[in-house]
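This report concerns only the one structure given below.
There are 2 protein chains.
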Amino acid sequence: MILGALETGGTKMVCAIGNEKGEVFEKFTCPTLNPGETLETIAEFFENKNIEALGIGSFGPVCLDKKNPKYGFVTSTPKPGWADTDVAGFFERRLKVPVGFDTDVNAAAIGEVTYGGCQDVDSMIYITIGTGIGVGVYIDGRLVHGMLHPEAGHILVKRHDKDDFEGGCPFHQSCLEGMAAGPAIEKRFGKRAETLYDNPFVWELESYYIAQALVDYCLCYSPRRIVLGGGVISKDGLIEMIRKDFTKLMSEYIQSDELREIDKYIVLSTLKGEQGIKGCLKIALDARV
Amino acid sequence: MILGALETGGTKMVCAIGNEKGEVFEKFTCPTLNPGETLETIAEFFENKNIEALGIGSFGPVCLDKKNPKYGFVTSTPKPGWADTDVAGFFERRLKVPVGFDTDVNAAAIGEVTYGGCQDVDSMIYITIGTGIGVGVYIDGRLVHGMLHPEAGHILVKRHDKDDFEGGCPFHQSCLEGMAAGPAIEKRFGKRAETLYDNPFVWELESYYIAQALVDYCLCYSPRRIVLGGGVISKDGLIEMIRKDFTKLMSEYIQSDELREIDKYIVLSTLKGEQGIKGCLKIALDARV
């Protein structure tokens with residue numbers, strides 16, 4: 062089976078040709094310019110590739126409600142030109158194949174569950190901590206959508222005692238994304254996160270905020286595993302700090318076999334950055350049937 | 062059709078006989094004493110009533126994983142005598158009818174969706190704020206379970222500027238339940254919440270903490286409606302304060318038709334305290350098929 066996969070991002074678009082086993086045969090990347098030009102470039106890549114379906118994991122916010130006329134649209138994004146763009150509909154009309162559509166983080170979550178280290182669980186969440194913070198939610202065997210889709214990167218967090226940074230989120234200032242995403246680190250310390258690896262205070266704060274959010278997600282979603290991805294998380298030793306802070310903050314309130322093995326509960330992605338694009342292959346597969 | 066409904070609580074047990082339309086014909090209440098005695102009293106009530114199935118909404122934590130040998134148990138509760146009690150199994154064996162089992166707050170959520178004011182939505186959450194704080198989660202047409210079940214009453218919250226109360230939760234001190242449940246109000250102000258109706262500071266704090274939690278729930282679950290129940294919420298005018306604080310804290314980050322009509326988004330239960338027991342009738346109905 063030949064399937065198409067498209068991960069749309071704020072700065073670049075990743076396209077791939079693969080199959081139902083999550084194998085990727087060919088990849089193509091292009092910058093995210095204005096929608097007309099960018100979508101056409103992508104369509105030209107997929108044309109004549111004989112794909113049976115296309116799966117899209119999109120930056121948001123998007124409309125995932127099939128009863129809504131805006132299903133498949135990127136909706137109120139601040140990204141210039143992209144608000145109210147019918148992404149799924151464009152490719153359906155242009156490529157004449159079934160198109161599946163979900164958020165980028167839900168795509169990564171379904172990638173982990175289908176092809177990665179979460180094939181053994183029916184409930185998990187995937188969190189990316191990079192330019193922004195996003196959460197993909199797979200519970201009781203299904204991706205969670207709801208009214209819109211989870212936007213759990215913006216939950217409100219307690220301030221760390223020693224942190225006086227006002228926060229970087231234009232909506233909530235000191236929400237999780239405002240305190241812990243890459244740009245928040247850069248704004249607080251005046252340097253990019255990857256140049257601050259030798260400053261322990263940076264990572265003390267980072268671990269505290271991420272662990273706090275994971276406690277809230279664990280209480281809200283009750284996932285069987287938590288997978289971390291994104292640029293910020295690649296700092297050596299950070300995940301160990303997060304596990305420790307999580308255990309302390311949770312304070313044995315939730316008792317389960319999963320939580321007793323914290324090293325297997327809070328983990329890194331096993332798909333080496335391909336969780337999103339592989340998830341899009343699964344979304345394509347599901348669109349076909 | 063004759064169905065049995067049982068809401069188990071830390072202080073009392075509510076039993077009812079009703080039907081698939083959510084009509085309640087007969088009710089019986091008994092105190093929650095030791096499990097042997099209490100479950101037997103309940104079984105005697107249901108005997109010879111010709112119920113086709115029993116639906117239970119239980120205080121927790123409970124095991125809802127059908128693959129787990131402890132399915133249907135109340136598990137690690139601090140309530141004396143009740144840890145590791147096989148509630149669902151007891152009634153299955155004793156009454157020889159199918160038994161459905163879920164949390165008390167999930168029962169209230171499914172009650173609202175099936176018989177109450179949420180029949181028009183496929184995603185909603187039900188929050189009870191009383192002796193404890195619990196959240197029932199119904200997303201994309203199904204109750205959410207996961208590893209255990211949501212315990213979202215314990216999410217961590219930002220402290221109000223003028224609040225120096227250390228918090229009343231034995232696990233997390235200043236989590237939502239520790240700051241805003243009935244016992245937290247009583248511990249902070251030295252008097253029960255219902256005697257503090259004329260002290261505006263009490264309700265300023267209460268509204269702030271609840272609204273903050275609702276913002277987090279809205280971001281995590283993306284529900285189409287939020288229903289509030291429980292003793293604390295009966296304070297006149299409190300829901301209006303919560304709606305106002307919610308709108309301010311959310312800061313227009315999520316844009317949806319539902320959120321534009323906040324009076325219809327954050328609402329009180331329409332089932333006048335019967336949301337839980339009616340939900341148990343629906344759980345019984347679903348156990349039958």
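Protein sequences, first through last, are from chains A and B.
The opening residue of the first sequence carries number 62 in the working numbering; numbering runs sequentially from there.
The opening residue of the second sequence carries number 62 in the working numbering; numbering runs sequentially from there.
Ideal Cβ positions, reconstructed from N, Cα and C, are used throughout, including at glycine.
In this text the structure is predicted, and so the values were computed from the model without any measurement.
Am I right that residue i and residue j are in contact with their C-beta atoms under 8 Å? What's the rounded C-beta distance?
i, j, result
"L310(A)", "L217(B)", "7 Å"
"G214(A)", "G191(A)", "Rounded, the Cβ-Cβ distance is 10 Å, inconsistent with contact."
"R285(B)", "M240(A)", "That pair is no contact at about 29 Å."
"V166(B)", "T189(B)", "6 Å"
"V198(B)", "I186(B)", "5 Å"
"G177(B)", "T308(B)", "The Cβ separation is near 24 Å, so there is no contact."
"I103(B)", "F162(B)", "With 8 Å as the limit, I103(B) and F162(B) do not qualify as a contact, their Cβ atoms being about 14 Å apart."
"E108(B)", "R349(B)", "Wrong, their Cβ atoms sit about 18 Å apart, outside the cutoff."
"G243(B)", "V293(B)", "6 Å"
"I327(B)", "L275(B)", "7 Å"
"G290(A)", "Q336(A)", "6 Å"
"S119(B)", "V148(B)", "6 Å"
Let me see if you follow: with CB-CB separation under 8 Å, is residue i close to chain B or not?
i, result
"G207(A)", "yes"
"R285(A)", "yes"
"Q336(A)", "no"
"L289(A)", "no"
"R304(A)", "no"
"I344(A)", "no"
"K325(A)", "no"
"R203(A)", "yes"
"L299(A)", "no"
"H210(A)", "yes"
"K219(A)", "yes"
"S295(A)", "no"
"L310(A)", "yes"
Can you find a C-beta in chain A that's less than 8 Å from the C-beta of residue i?
i, result
"Y282(B)", "yes"
"I188(B)", "no"
"Q316(B)", "yes"
"A66(B)", "no"
"S330(B)", "no"
"R321(B)", "no"
"A213(B)", "yes"
"I194(B)", "no"
"I200(B)", "yes"
"I216(B)", "yes"
Bridge partners of residue i, per DSSP?
i, result
"Y199(A)", "M185(A), L204(A)"
"S119(A)", "T164(A)"
"F89(A)", "C76(A)"
"T69(B)", "M74(B)"
"I327(B)", "I287(B)"
"Q234(A)", "C230(A)"
"V350(B)", "BP columns for V350(B) are empty, so no partner."
"F134(B)", "D147(B)"
"I338(A)", "Note: I338(A) sits in no beta bridge, so no partner."
"L156(B)", "None; L156(B) has no bridge partner."
"I271(A)", "Bridge partners of I271(A): none, in fact."
"L100(A)", "None, per the DSSP bridge assignment."
"I190(A)", "I194(A)"
"L64(B)", "G79(B)"
By the 10 Å Cβ neighbour count, where 16 or more other Cβ atoms means buried, how is residue i classified, buried or exposed?
i, result
"G202(B)", "exposed"
"G298(B)", "exposed"
"K343(A)", "buried"
"E68(B)", "buried"
"T256(B)", "exposed"
"D324(B)", "exposed"
"R304(B)", "buried"
"T146(B)", "buried"
"L94(B)", "exposed"
"K339(B)", "buried"
"D318(A)", "exposed"
"Q316(B)", "exposed"
"Q273(B)", "buried"
"G249(B)", "In the sequence as displayed, the identity of residue 249(B) is Arg instead of Gly. With 16 or more other Cβ atoms within 10 Å, it is buried."
"T164(B)", "buried"
"F86(A)", "exposed"
"M62(A)", "exposed"
Exercise. Quick one, which residues of the stretch 227-251 of chain A are near chain B if we go by CB-CB under 7 Å, in chain order?
Worked result: F232, H233
Exercise. Listed in chain order, which residues of the stretch 157-169 of chain B have Cβ atoms closer than 7 Å to some Cβ of chain A?
Worked result: none
Exercise. If you measure beta-carbon to beta-carbon, which residues of the stretch 252-280 of chain B are closer than 8 Å to chain A?
Worked result: Answer in chain order: Q273, V276, D277, Y278, L280.
For this session: Below 8 Å between beta carbons is the criterion; list the residues of the stretch 115-144 of chain B that meet it against any residue of chain A, in chain order.
Result: P122, T136, S137
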